[in-house]
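Engineer:
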Amino acid sequence: MRKLFALTACALPLFLWSCGGNQEKSQQTETTASTESVSSDNGSSATENSNTVVITSNDQMRFDLDQIKVKAGQQVTLTLKNVGVLSKEAMGHNWVLLKPGTDVAAFAMEAMSNKKNEFIPASSGAIVAHTKLLGPDESDTITFTVEKGEYEFICSFPGHYGIMRGTLIAE
């Protein structure tokens, strides 16, 4: 019995060690506005002249882009597509662009209490632009203009902002 226990005690850590370590690191995906249409591996595109950006969200609480580059002072057209299958009530997504220096955690806490307004605080002066809250297979297109700088974007659906976020860089 002792030999069986000793063998198990030695083999178990080796077995557990061999099962781990295959996690893929998340890759940063970037889209840059350019004079010609550029497609990334995930199908998103951006065009310099119109500053057009397409970004998707999914049921794994991820945007397909975590960095977007646009031309400062020019109109940006952004389309958010929810490619997930879970209901809007369970896994809705939006895209909210915040002013530089915004306390993202405080904004997200305020947003959580604004379900009637699709988790967009009505009185918040921290928002540059936002899409509507989307359910599966829905999309929303917005236009806005930003000055030179770095802006954070998030999904303000409760609990999502921690991993559904990125940076918009206006150059």
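Residue numbers (mature numbering (1 follows the signal peptide of the UniProt record, and there is no 0)): -18 to -1, 1 to 153.
For every residue, glycine included, the Cβ atom is placed at its ideal position computed from N, Cα and C.
I think L79 touches P118, with their Cβ atoms under 8 angstroms apart; what is that distance to the nearest whole Å?
Structural biologist: Distance from L79 to P118 at the Cβ level is roughly 23 angstroms; contact not present, criterion being Cβ atoms closer than 8 angstroms.
Engineer: How big is the Cα-Cα spacing for I136 and S95?
Structural biologist: 16 angstroms
Engineer: Could you please give me the residues that DSSP links to R147 through a beta bridge?
Structural biologist: I136
Engineer: Below 8 angstroms, can you find three or more Cβ-Cβ pairs linking the region 60 to 76 to the region 33 to 44?
Structural biologist: yes
Engineer: Considering only the beta carbon of each residue, do K130 and A152 sit closer than 8 angstroms?
Structural biologist: yes
Engineer: If we ignore side chains and look at the alpha-carbon of each, how far apart do E134 and L116 end up?
Structural biologist: 20 angstroms
Engineer: For M146, count the other beta carbons within 10 Å of its own beta carbon; 16 or more makes it buried, fewer makes it exposed. Which is it?
Structural biologist: buried
Engineer: Could you give the C-beta distance for L150 and V36, rounded to a whole number, given that I count them as a contact under 8 angstroms?
Structural biologist: Rounded, the Cβ-Cβ distance is 14 angstroms, inconsistent with contact.
Engineer: Once you ignore the five residues that flank E6 on each side, which residues in its own chain have a CB closer than 6 angstroms to its CB?
Structural biologist: Bear in mind that the predicted position of E6 carries a pLDDT of just 38, short of 50, making it too unreliable to give a figure here.
Engineer: Given A93, which residues of its chain have a CB within under 6 angstroms of its CB, disregarding the five upstream and five downstream residues?
Structural biologist: F101, P103, S138
Engineer: Return the chain-ordered list of same chain residues with a C-beta closer than 6 angstroms to the C-beta of T127, the five sequence neighbours on each side being excluded.
Structural biologist: Q57
Engineer: Let's see if you can read the secondary structure: which residues bound the alpha helix (DSSP H) around V67?
Structural biologist: No alpha helix (DSSP H) contains V67, which DSSP labels as neither H nor E.
Engineer: Using the Cβ count rule (16 or more neighbours within 10 Å means buried), how would you classify M91?
Structural biologist: M91 should be labelled exposed.
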